[in-house]
Amino acid sequence: MKLTRAISLTNFFVASSALGFQVFVLYPWHKELDAEFEKLKKEHLRVLDKAGSSLSAQQQKAMADELNELKNKSSRSSFPFVNHAPNASEAISAAKDKFLPTKEKLMATATTENLTSVSLYARYALAGAFCCSFTHAVLTPVDVVKTRIQLDPVTYSSSLSKSARHIVSAEGSGALLTGLGPTIAGYCLQGAFKFGGYEYFKARAVDYLGQSTASNHRNAVYLGSAAAAEFLGDIALCPFESVRIRLVSQPSYATDSVSALAKLAREEGIGGLYSGLSPILLKQIPYTMATFLVYEQAIQTAYSVIDKRELPSIGVTGINLGAGLVAGLAAAVVSQPADTMLSKINKEKAGSGEGTTRRLFRIASELGLRGAYTGMQARAVMVSGMTAVQFGIYGDIKKLFGATDGVELSQSYVVDDDSDREYA
1241 MKLTRAISLT NFFVASSALG FQVFVLYPWH KELDAEFEKL KKEHLRVLDK
1291 AGSSLSAQQQ KAMADELNEL KNKSSRSSFP FVNHAPNASE AISAAKDKFL
1341 PTKEKLMATA TTENLTSVSL YARYALAGAF CCSFTHAVLT PVDVVKTRIQ
1391 LDPVTYSSSL SKSARHIVSA EGSGALLTGL GPTIAGYCLQ GAFKFGGYEY
1441 FKARAVDYLG QSTASNHRNA VYLGSAAAAE FLGDIALCPF ESVRIRLVSQ
1491 PSYATDSVSA LAKLAREEGI GGLYSGLSPI LLKQIPYTMA TFLVYEQAIQ
1541 TAYSVIDKRE LPSIGVTGIN LGAGLVAGLA AAVVSQPADT MLSKINKEKA
1591 GSGEGTTRRL FRIASELGLR GAYTGMQARA VMVSGMTAVQ FGIYGDIKKL
1641 FGATDGVELS QSYVVDDDSD REYA
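When you line the sequence shown up against our numbering, it's residues 1241 to 1664, in that order.
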């Protein structure tokens, strides 16, 4: 029975992830490809009008007919790159090379040429899944100590090392790995949506705003993309995080992660699995927004002083580590109150007739500002180290998976009044 429930739950989360990937990646990608062909057609007609008498009517008609044929090929297939090009980016590139003069190519939307392939976002997602699951798994002992300090500050001191020794002496060293299973599973899904979604939404923002506008307002693009990606990741993470906290706070709750997940779902239903969704969103969304914003700013600051082209691979990794460390510290401070509330709300069942909102207000009033930052030392160590390692290895894993065509929002070009793009 337990095995059947575990398989059912696993199938549910896999199917949900696949559905989310189809809805938020495949369908928008197909619409974006069709829209790209429409843009090319309009741009081509504009160039023809501007050229005037330099092309004959027959030449204009031949070029327009050929472009329409490419568009028709795209609309006849749900996966057009299979029919007439190895991939979508090459189809768009070929159309631009054939129909647009060199000067006009600079005016076309260059940032999405390498981003139309679904496989690219899948690679970002795989890299993010590996980074997040690996770093959270390694830091599971720190997370266990942090959670115990938050839930029972009377028994456990604010010192990370003293609390760890107390847990080991009372429950054995294995207690420091409590919740390892749901940690790996939850953050694997969360990392896929977080990093893959961040790159996806950032590219969509550039498509909508244009490269120049997006670069001029890149902080807003970073924040918005991070928030949207983290929201999707939290939907996948929440049930596993609820199980992890229940196991850490109540070691006798279940013998393993699978039985704990089944028990929580059986006794409290979907509401129990998602009882911590509100504080997770309150914690993770500001955390991720601060992480990506500070990281992007730190990277840009570093490369404004150091020429990236002259750095060896180890130097690039070192800068990623340093920027991730700074980003992690900032994110830990921003998200600490919500993290404490999340631990509290998942420790026990809700009172009779007490909704999630009322519980949050009650817990917040009981904690106060000082109580909200209980366990800050342990969490700062965990989050800063975890974020540094994540970004330190993320770049290398992206290269390993071939995900190297992401959007860069820097002041690399300017656009004059005639819309001629000049690269600085």
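Just so it is clear, CB atoms sit at the ideal spot from N, CA and C, and this is done for glycine as well.
No experiment lies behind these values; they were computed from the predicted model shown.
Other residues of its chain near residue i: CB distance less than 6 Å, five sequence neighbours each side excluded
i, result
"Gly-1368", "Gly-1431, Ala-1432, Lys-1434, Phe-1435 and Gly-1436"
"Ala-1530", "Ala-1570, Ala-1571 and Val-1574"
"Val-1629", "Thr-1375"
"Phe-1494", "The amino acid at residue 1494 is misidentified as Phe; the sequence shows Ala. Only Ala-1500 and Lys-1503 meet the Cβ criterion."
"Leu-1517", "Cys-1478"
"Ser-1624", "Leu-1565, Gly-1568 and Leu-1569"
"Leu-1420", "Thr-1380"
"Gly-1635", "Asn-1560"
"Tyr-1240", "This structure cannot settle anything about residue 1240, because the visible part of the chain is limited to 1241 through 1664."
Length of the line joining the Cα atoms of residue i and residue j
i, j, result
"Ser-1403", "Asp-1383", "12 Å"
"Leu-1551", "Leu-1609", "44 Å"
"Arg-1602", "Gly-1611", "13 Å"
"Arg-1405", "Ala-1415", "11 Å"
"Val-1408", "Met-1622", "19 Å"
"Ser-1359", "Leu-1366", "10 Å"
"Asp-1579", "Lys-1523", "6 Å"
"Val-1461", "Ala-1567", "17 Å"
"Ser-1452", "Ala-1469", "23 Å"
"Arg-1506", "Val-1483", "13 Å"
"Leu-1600", "Ala-1620", "23 Å"
"Thr-1557", "Ile-1424", "24 Å"
"Pro-1422", "Asp-1496", "10 Å"
"Arg-1549", "Arg-1388", "46 Å"
"Ser-1401", "Ala-1618", "9 Å"
"Phe-1319", "Asp-1547", "Caution is warranted here: a pLDDT of 41 is assigned to Phe-1319, below 50, making its placement in the model unreliable, and the coordinate value is therefore given only provisionally. Their Cα atoms are separated by approximately 40 Å."
"Pro-1393", "Tyr-1361", "43 Å"
"Ala-1467", "Ile-1475", "13 Å"
"Ser-1373", "Lys-1639", "19 Å"
"Asn-1456", "Ser-1397", "47 Å"
Exposed unless 16 or more other CB atoms sit within 10 angstroms - verdict on residue i
i, result
"Asn-1560", "buried"
"Leu-1417", "exposed"
"Tyr-1448", "exposed"
"Gly-1642", "exposed"
"Gly-1632", "buried"
"Thr-1644", "exposed"
"Glu-1411", "exposed"
"Gly-1511", "exposed"
"Ser-1605", "exposed"
"Gly-1473", "buried"
"Phe-1363", "Looking at the sequence itself, residue 1363 is Arg, so the reference to Phe does not match. Per the 10 Å Cβ criterion, buried."
"Leu-1649", "buried"
"Ser-1492", "exposed"
"Ser-1719", "One cannot answer for residue 1719 here, as it falls past the ends of the chain, which runs 1241 to 1664."
"Ile-1485", "buried"
"Arg-1458", "buried"
"Arg-1598", "exposed"
"Val-1498", "buried"
"Val-1385", "buried"
"Ile-1554", "exposed"
"Thr-1395", "exposed"
Residue i beta carbon near the ligand SAM (any heavy atom closer than 7 Å)
i, result
"Ser-1455", "The ligand SAM is not part of the structure shown, which contains no ligands of any sort."
Neighbourhood of residue i by C-beta distance below 7 Å, restricted to the same chain and skipping five residues each side
i, result
"Val-1545", "none"
"Gly-1646", "Glu-1439"
"Ser-1465", "Tyr-1438, Phe-1441, Lys-1442 and Ala-1445"
"Ala-1563", "Tyr-1535, Ala-1538, Ile-1539, Ala-1542 and Phe-1631"
"Phe-1370", "Ile-1637"
"Met-1616", "Gln-1576"
"Phe-1532", "Tyr-1438, Tyr-1462 and Ala-1466"
Own chain partners of residue i with C-beta closer than 8 Å, once the 5 adjacent residues on each side are dropped
i, result
"Leu-1477", "Gly-1426, Tyr-1427, Leu-1429, Gln-1430, Ile-1520 and Gln-1524"
Problem set entry | Length-filtered (4 minimum) alpha helix (DSSP H) runs lying within the stretch 1567-1651 | 1596-1612 and 1616-1641
For this session: Run through the stretch 1483-1570 for me and flag every whole alpha helix (DSSP H) of 4 or more residues, listed as ranges in chain order.
Result: 1497-1513 and 1517-1545
Problem set entry | Runs of alpha helix (DSSP H) lying entirely within the stretch 1413-1471, each at least 4 residues, in chain order | 1420-1449 and 1451-1456
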